[in-house]
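Worksheet: the structure to be examined is printed underneath.
Residue numbers (the working numbering): 398 to 566.
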């Protein structure tokens, strides 16, 4: 689960917890939006998100905050598939900021709770697009009698999916 940083002077845009699939379970992280630079250290305008956590550096033994994952928002797909402008893919990284071989990327989803300003700051180029309902959701919604119950069920389902995937905004 990620929430906007509550400290106005913080450079972190989000704080939260994520399971990167490294056997550590969910870890506390800060998310920072960074601008990519070309080889001459000139900003390119493209953004990436780094997740940082407090830990002991494996080589130096220094205790501090170190990047544990680098992520990108999904604004396009090479396979031509539909883009919903709500997905961030994080790759766990080692102490040299290289992807860790054999570790799968972790996808997290931005929900309706993310306001337009934060959505843009994360690097999305378009507004969030509602995902089509899956067939079992359509049947479940059709069976709902009370609109309040439907909202509670949808919220519970979204929380369950977020917990199962380790990503929750």
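Heads up, the beta-carbon is just placed ideally off N, CA and C, and yes, glycines get one too.
Beta-bridge partners of residue i, as assigned by DSSP
i: residue 447; result: 429 and 467
i: residue 504; result: 486
i: residue 496; result: 490
i: residue 406; result: For residue 406, which the question treats as bridged, DSSP gives no partner whatsoever.
i: residue 400; result: 412
i: residue 518; result: For residue 518, which the question treats as bridged, DSSP gives no partner whatsoever.
i: residue 423; result: 416
Nonlocal neighbours in the same chain, by C-beta distance under 7 Å from residue i, ignoring five residues either side
i: residue 409; result: 402, 427, 428 and 429
Sequence-distant residues of the same chain with beta carbon closer than 6 Å to residue i, five excluded per side
i: residue 451; result: 462
i: residue 459; result: none
i: residue 423; result: 414 and 416
i: residue 542; result: Annotation note: pLDDT 49 at residue 542 (below 50); position unreliable, no value reported.
Proximity below 8 Å, CB of residue i to CB of residue j
i: residue 480; j: residue 472; result: yes
i: residue 500; j: residue 419; result: yes
i: residue 411; j: residue 400; result: yes
i: residue 488; j: residue 498; result: no
8 Å Cβ shell around residue i - same chain, five flanking residues per side excluded
i: residue 447; result: 428, 429, 431, 464, 466, 467 and 468
i: residue 528; result: 481 and 483
DSSP three-state assignment for residue i, whether helix, strand or coil
i: residue 454; result: coil
i: residue 476; result: coil
i: residue 416; result: strand
i: residue 531; result: coil
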